[in-house]
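Engineer:
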Amino acid sequence: MIEQLHKLYPALYGKEYDEKEMDNRFQHLVQKHKEIFGEDDPAIFSAAGRTEIGGNHTDHNLGKVIGGSVNLDTIGAVTKRSDNRVIIASEGFPVVDVDISDLSVKDGEKNGTDSLVRGIAAAYKDRGMKIGGWQANTTTKVLGGSGLSSSAAIEVLIAKIFDNLYNDDALEPIEIAKMGKYAENKYFGKPSGLLDQACCAQGGIVGIDFKDNDNPVLTPVNISFEDYGYTMIITDTRGSHADLTGEYAAVPPEMREVAAYYGKKNLRDVDFQAFIRDMKDIREKLGNDRALLRAYHFFTENIRVDYMLQTLKEGDIDGFLGFVNESGNSSFRFLQNVYPSSSPKNQGLALAIALSEHILQGDGAVRVHGGGFAGTIQAYVPQALVGKYISGMESLFGSGCSMKIAIRQLPVTRLI
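Numbering (UniProt numbering), first residue to last: 1 to 416.
This is the structure we're talking about:
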């Protein structure tokens, strides 16, 4: 097993990984499967977390994004069962045990992993595909609350297990992602888009155009930032997300207020130049300047994503980093998701960006990462400054707050 994994490590974990640590991790996973389930020789699966590279808060209005799967993953040891039970023993969490003979929505399961299992099984059944029982133990390096989508990673892992064990790997990664989204929306009770699942499932860096939300257009890009002398670093500012639901929830409908002026549901269906022309009248009718600013961010961020993809394809790293900084500035000034308006004294993200700019001195780039208001920032740091950068972040936000991130090339997959 270990020899097979050694061949896969570079595509999973990039150029910098501790081979012995990874060997121990997978060996421990297999040993735990034997202890918990009494089964030898399990199948081994891996699903990555994801990072948002461009397109901050655009997907919910059918916009364009760039994301990438990362070298932090959830791995699972899996064996088939002869019944219809799915049992998941995730390290650090209560055991999930679901009888998928019953695929009805259970109100008592909302916001739990059991709802995701039942919902993903239902999604397969609705497509006329096969489902059956299995048992797994998992461990993860995709930390919850890190902005790297630990929940989407487990969703696509569950979906891939059904796909591999019972359907001969019939589904493309984007279809695996849709299974997770369906379960999250209908069973888990979270009205999310497809961005997180698509990036976790796909592998590598990918541009995603959500104009047709049911059939997004994917543009894969093969690039390693390390080859150009930069390391991506995600820093968790360790701000609380408590009481921020309203802040997150306000962004999509405020953008849609502007769309509604034109009789449209989403901003993607509105012409940018018409918006600029009609700004005075929209302002008078809405009485909400922030909605206009957020719409402006949406329009310009969509344009910027196209430029970012083009620079990545061309290997123009300086051009790309310039657009990263532009994206961050737009989020700060126009989208306004760098600190909560309800708590202006709590500005950890803004502090992290300020300190990053001081350390980088015009080299590299920095931006808010993901939803914003609290949480994480993303920086592209020259390799000569990585030690100084991490030390600086840790001096402000505590030991272990910064993670070096590499882009993972493999999609969600069965490894062995």
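Every residue, glycine too, gets a C-beta built ideally from N, C-alpha and C.
(1) For the 8 Å Cβ check, are there 3 or more pairs between the segment 71-83 and the segment 21-29?
(2) Please report the residue range of the beta strand (DSSP E) in which residue 174 lies.
(3) Measuring only the C-alpha atoms, how far is residue 293 from residue 218?
(4) Across which residues does DSSP place residue 382 in a beta bridge pair?
(5) By the DSSP assignment, the beta strand (DSSP E) with residue 403 in it spans what residues?
(6) Let me know if residue 344 comes out buried or exposed under the rule of 16 or more other beta-carbons within 10 Å of its beta-carbon.
(7) Give me, in chain order, the residues of the same chain whose beta-carbon lies closer than 6 Å to that of residue 257; leave out the 5 immediate sequence neighbours on both sides.
(8) Is it true that the segment 260-268 meets the segment 197-206, where meeting means three or more beta-carbon pairs spaced less than 8 Å apart?
(9) If I measure Cβ to Cβ from residue 411 and keep anything under 7 Å in the same chain, skipping five residues before and after, which residues do I get?
(10) Going by C-alpha to C-alpha distance, which of 295, 400 and 253 sits closest to residue 271?
(11) Mind checking which residues open and close the beta strand (DSSP E) that includes residue 137?
(12) Should residue 210 be labelled buried (16 or more other beta-carbon atoms within 10 Å of its own) or exposed?
(13) At which residue ranges does the segment 97-133 contain complete alpha helix (DSSP H) runs of 4 or more residues, listed in the order of the chain?
(14) Measuring CB to CB, does residue 237 end up less than 8 Å from residue 371?
(15) Grab me the residues of residue 224's own chain with a C-beta within less than 8 Å of its C-beta, minus the 5 sequence neighbours each way, in chain order.
(16) Could you spell out where the alpha helix (DSSP H) holding residue 36 opens and where it closes?
(17) Along the chain, where does the beta strand (DSSP E) that runs through residue 209 open and close?
(18) So which of 124, 90, 375 and 350 has the shortest CA-CA distance to residue 100?
(19) Quick one: using the 10 Å Cβ neighbour count with 16 as the cut-off for buried, is residue 340 buried or exposed?
(20) Rounded to a whole number of angstroms, what is the C-alpha to C-alpha distance between residue 118 and residue 150?
(21) Going straight from the alpha carbon of residue 232 to that of residue 226, what length do you get?
(22) Helix or strand or just coil, what does DSSP make of residue 69?
(23) For residue 173 and chain D, any beta-carbon pair shorter than 8 Å?
(24) Less than 8 Å between the CB atoms is what I'm expecting for residue 381 and residue 338, so what's the real figure, rounded?
(25) Distance check for residue 38 and residue 177, CA to CA, integer angstroms please.
(26) How big is the Cα-Cα spacing for residue 355 and residue 83?
(27) Less than 8 Å between the beta carbons of residue 36 and residue 164, yes or no?
(28) Taking the beta strand (DSSP E) that residue 358 belongs to, which residues open and close that run?
(29) Could you check what DSSP says for residue 76 in three-state terms: helix, strand or coil?
(30) Since I believe residue 67 is in contact with residue 305 (beta carbons under 8 Å), could you give me their beta-carbon distance rounded to a whole number of angstroms?
(31) Tell me whether residue 73 is buried or exposed, calling it buried when 16 or more other Cβ atoms sit within 10 Å of its Cβ.
(32) Taking buried to mean at least 16 other C-beta atoms within 10 Å of its own C-beta, is residue 395 buried or exposed?
Structural biologist: According to the structure shown:
(1) yes
(2) Careful: residue 174 lies outside any beta strand (DSSP E), inside the alpha helix (DSSP H) at 173-183.
(3) 28 Å
(4) 230
(5) 402-405
(6) Exposed, by the Cβ-count rule.
(7) 286 and 291
(8) no
(9) In chain order, 173, 201, 202 and 203 place their CB closer than 7 Å to the CB of residue 411, counting only its own chain and leaving out the 5 sequence neighbours on each side.
(10) 295
(11) Residues 134-140.
(12) buried
(13) 113-126
(14) no
(15) 14, 15, 406 and 407
(16) Residue 36 -> alpha helix (DSSP H) spans 19-37.
(17) 205-209
(18) 124
(19) buried
(20) 18 Å
(21) 8 Å
(22) strand
(23) No chain D appears in the structure shown, which is made up of a single protein chain.
(24) That belief does not hold up - the Cβ atoms of residue 381 and residue 338 are roughly 19 Å apart, past 8 Å.
(25) 31 Å
(26) Rounded to the nearest whole angstrom, the CA to CA distance from residue 355 to residue 83 is 55 Å.
(27) no
(28) Where residue 358 is concerned, there is no enclosing beta strand (DSSP E), although the alpha helix (DSSP H) it sits in stretches over 348-360.
(29) In the structure shown, residue 76 adopts extended strand secondary structure according to DSSP, grouped into three states.
(30) Cβ atoms of residue 305 and residue 67 stay farther apart than 8 Å, at about 11 Å.
(31) buried
(32) exposed
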